[in-house]
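Residue numbers (our numbering): 12 to 96. Encoded as structure tokens, the structure appears first; notes follow it.
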Amino acid sequence: MKNSIEKINQYKEYYMNEYDFFDGEYHCIFNILEIKENYVICSLNKAGKFSVQEYDLYLDKENNLYFEYGPEFNKIYIEDFENLD
12 MKNSIEKINQ YKEYYMNEYD FFDGEYHCIF NILEIKENYV ICSLNKAGKF
62 SVQEYDLYLD KENNLYFEYG PEFNKIYIED FENLD
């Protein structure tokens, strides 16, 4: 548990960073709004529509945080988000 909390604090720098994902039909743009121990809150822009979604967080074998998106449960890694200043 301690490691996951340290990992969350490390990822605070990813707030408002962006990730572009193509789901086979649309480009989906995620922005991280908040990261908690068990979930992440993202704004999602898909097909010109905005929504705010909460996703459960998981750890892979290398202890990288990710959440699953879409009907195919695609893994979206927190480390793949970029700051687009």
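C-beta: ideal position from N, C-alpha, C; glycine also.
The beta strand (DSSP E) enclosing residue i, as first and last residue numbers
| i | result |
| --- | --- |
| L44 | H38 to I46 |
| D31 | E29 to F33 |
| K57 | Y50 to K57 |
| E79 | L76 to Y80 |
Residue i, DSSP secondary structure in three states
| i | result |
| --- | --- |
| D67 | strand |
| D91 | helix |
| K72 | coil |
| F84 | coil |
Exposed unless 16 or more other CB atoms sit within 10 angstroms - verdict on residue i
| i | result |
| --- | --- |
| N42 | buried |
| Y101 | For the chain, the structure presents residues 12 to 96; residue 101 sits outside this window and is missing. |
| L68 | buried |
| V63 | exposed |
| L95 | exposed |
| L8 | This structure cannot settle anything about residue 8, because the visible part of the chain is limited to 12 through 96. |
Beta-carbon separation (whole angstroms), residue i vs residue j, contact threshold 8 Å
| i | j | result |
| --- | --- | --- |
| N85 | E93 | Actually they are not in contact, since the Cβ atoms of N85 and E93 sit about 18 Å apart, beyond 8 Å. |
| Y88 | K57 | No, Y88 and K57 are not in contact; Cβ-Cβ is about 19 Å, not under 8 Å. |
| E65 | I52 | 5 Å |
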